[in-house]
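In order, the protein sequence lines correspond to chains H and G.
Letter by letter, the first sequence follows residues 116 to 428 in this note's numbering.
Letter by letter, the second sequence follows residues 366 to 462 in this note's numbering.
Think of the CB as a built atom: it goes at the ideal place given N, C-alpha and C, for glycine as much as any other residue.
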Amino acid sequence: MIEILNFGLAALILGLAVWAVVAREAPAAVVGFIVYGLLLTLVWLQLQGIDVALTEAAIGGGLTGVLLINAAVRLRSTESTARAQRPSASTRWLAAALSATVTGALAICVLALPEPAPTLAPEVLANIAVTEVGNPITAVLLAFRAMDTLLEAIVLLFALIGVWSLAPDRAWGGRPGLLQQADPNGMLDYVARVLPPIGIVAGIYIFWIGADYPGGKFQGATLLAAMWLLVMMAGLADAPPISRSWLRWLLVAGPLAFIAVGVVGAVTAGAFLSYPHGFAKTLILVIEFALMPTLTLILGLILLGAPLRGEAA
Amino acid sequence: MKLFLDLWTVVAVVAGAFFFFAGTVGLLRFPDSLTRLHALSKADNLGLGLVVLGLLPQVDSVSAGLKLVGIWLLVLLSGATAAQWIARTFRQSGTDP
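Have a look at this one:
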């Protein structure tokens with residue numbers, strides 16, 4: 116029975132992938148991509164990768180989906196001219212050949228993997244006690260491979276700077292996104308008042324439980340950012356001008372705290388980002404707490420886009 | 366008692382699946398956007414509600430049951446909002462794509 120379900124899931128995902136590629140209209144392709152992300156979440160659940168499933172649902176399907184919807188809306192006016200300029204047959208054949216080569220190379224790599232696949236999972240489980248956290252994913256992300264997580268947080272910051280750099284000169288330092296009019300009798304206003312308390316509790320719960328169960332700061336921060344965006348979309352609060360120094364400090368606070376903990380480790384435990392014995396869990400929590408507001412702000416601001424208005428509210 | 370609860374689960378989940386099926390058929394077959402929205406929100410509200418009601422006797426703790434009901438309520442709220450929002454956009458733009 117479960118095999119039929121898995122087979123159907125795989126077939127649906129392949130079909131949606133083809134649909135997203137061949138769809139003529141950008142919005143249709145985006146919708147295909149979002150559903151594709153939701154189905155991938157189910158696949159990760161089937162593979163028992165609950166942490167990955169949560170991340171896929173929050174970031175792969177949700178956040179990236181909204182980014183792509185925004186992009187599709189922006190491109191709508193240019194879409195007909197773009198379609199009129201059909202690339203020549205040779206270009207299209209070249210693109211098809213390149214895509215097929217990449218897919219083929221990936222397929223060969225996956226099929227050539229030794230059976231069972233090489234894994235460090237037993238070593239993680241053998242050493243997890245040192246970190247004092249219960250969730251092996253968190254142990255890997257914040258102890259064994261903390262460097263990767265630090266770089267990930269910094270990359271997100273660069274992404275935000277990239278988004279901001281698209282601002283027109285006159286709006287630099289101003290507020291991102293469009294000004295929304297609040298409609299006190301509107302449905303959105305109601306939801307933006309009812310949902311955030313629930314969403315904030317759920318976000319902090321997912322963040323807090325991440326030490327011992329599936330969850331963590333990325334998934335929690337995505338939920339918090341979504342609640343923030345909802346309030347701004349309903350016009351109940353305006354986006355902060357990006358020139359505010361409190362905003363800039365919060366944006367770098369997480370990575371700075373992470374690096375500071377790393378330096379402390381270099382002095383007391385002999386290597387950058389290694390934790391002194393007995394303090395591992397405390398320091399992991401310090402990093403998580405410092406990263407949470409930074410990640411929430413970065414994710415929300417990336418979705419809001421480049422500043423388009425002056426500082427005045 | 367156990368048999369009765371299992372029977373209830375089967376009946377309610379099958380009824381929920383029927384609403385999802387009917388909603389999907391409506392989404393594909395109804396003539397305009399507003400009726401399609403109507404079909405879709407029926408599937409969300411009634412279909413998911415019946416599935417949740419059917420699964421309630423099978424949970425092993427009160428908190429798990431509360432989480433199921435909570436999910437249903439959240440889907441009700443977001444589904445109703447999205448449907449209202451889409452319908453209002455159609456009305457204001459005066460078009461029916």
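query                                                                                                                        : result
Val367 of chain H beta carbon less than 9 Å from that of Met411 of chain H                                                   : A small fix is needed here, since residue 411 of chain H is Thr in this sequence, not Met. Cβ atoms of Thr411 of chain H and Val367 of chain H: not closer than 9 Å.
Residues from the stretch 440-453 of chain G in contact with chain H, defined by Cβ distance under 7 Å                       : Leu442, Thr446, Gln449 and Trp450
Local conformation of Arg308 of chain H per DSSP, three classes                                                              : helix
Nearest-angstrom Cα separation, counted from Leu240 of chain H out to Pro251 of chain H                                      : 7 Å
N-terminal and C-terminal residue of the beta strand (DSSP E) that Pro422 of chain H is part of                              : Pro422 to Arg424
Amino acids of chain G, ordered along the chain, whose beta-carbon sits closer than 7 Å to that of Met302 of chain H         : Thr446, Gln449 and Trp450
Residue interval of the alpha helix (DSSP H) (run including Phe387 of chain H)                                               : Element bounds for Phe387 of chain H: n/a, residue is neither H nor E.
Test: Val181 of chain H CB closer than 9 Å to a CB of chain G                                                                : no
Endpoints, alpha helix (DSSP H) assigned at Pro408 of chain H                                                                : Ala395 to Leu419
Below-9 Å beta-carbon distance, Val306 of chain H vs any chain G residue                                                     : yes
Gly369 of chain G burial status per 10 Å Cβ neighbour count (16 or more: buried)                                             : Looking at the sequence shown, residue 369 of chain G is not Gly but Phe. With fewer than 16 other Cβ atoms within 10 Å, it is exposed.
Backbone secondary structure at Pro422 of chain G - three-state DSSP                                                         : helix
Collapsed DSSP secondary structure at Pro370 of chain H in the structure displayed                                           : helix
From G:Ile436, G:Leu393 and G:His403, residue whose alpha carbon lies closest to that of Leu413 of chain G                   : G:Ile436
Within 9 Å, strictly: CB atoms of Leu124 of chain H and Val158 of chain H                                                    : yes
Per-residue DSSP class, three states only, for Pro283 of chain H                                                             : coil
Residue range of the unbroken alpha helix (DSSP H) whose run includes Leu393 of chain G                                      : Lys367 to Arg394
Same chain, Cβ closer than 7 Å to Leu398 of chain H, five either side skipped, listed in chain order                         : Val376 and Tyr390
Cα-Cα separation, Leu418 of chain G to Thr374 of chain G                                                                     : 8 Å
Run of the alpha helix (DSSP H) containing Asp166 of chain H, from where it starts to where it stops                         : Ile165 to Thr170
Per-residue DSSP class, three states only, for Arg290 of chain H                                                             : strand
Enclosing alpha helix (DSSP H) for Pro237 of chain H [first to last residue]                                                 : Ala236 to Thr246
Residues that Leu310 of chain H contacts on chain G, provided the C-beta gap is smaller than 9 Å                             : Leu439, Leu442, Ser443 and Thr446
Exposure of Trp343 of chain H, with buried meaning 16 or more beta-carbon neighbours within 10 Å                             : buried
Classification of Ala172 of chain H by the beta-carbon crowding that lies within 10 angstroms, buried from 16 upward         : buried
Beta-carbon proximity check, Met347 of chain H vs Ala354 of chain H, cutoff 9 Å                                              : yes
Pair within 9 Å by beta-carbon distance, Ala261 of chain H and Ile243 of chain H                                             : no
Distance cut-off 8 Å: Thr454 of chain G Cβ against heavy atoms of the ligand NAP                                             : The ligand NAP is not among the ligands present in this structure, which contains no ligands whatsoever.
Contact under 9 Å by Cβ, Gly318 of chain H with Gly425 of chain H                                                            : no
Pairwise C-alpha distance: Ala387 of chain G and Leu411 of chain G                                                           : 11 Å
Stretch-stretch touch, CB-based, cutoff 8 Å, three pairs: the stretch 401-408 of chain G with the stretch 442-459 of chain G : yes
Test item: CB-CB of Ala349 of chain H and Gly314 of chain H under 9 Å                                                        : no
For Gln457 of chain G, the three-state DSSP class (helix, strand or coil)                                                    : helix
Range covered by the alpha helix (DSSP H) that runs through Leu338 of chain H                                                : Lys332 to Met348
Straight-line gap, Val379 of chain H to Phe394 of chain H (C-alpha atoms, nearest Å)                                         : 11 Å
Residues near Ser360 of chain H in its chain [Cβ-Cβ closer than 6 Å; skip 5 each side]                                       : none
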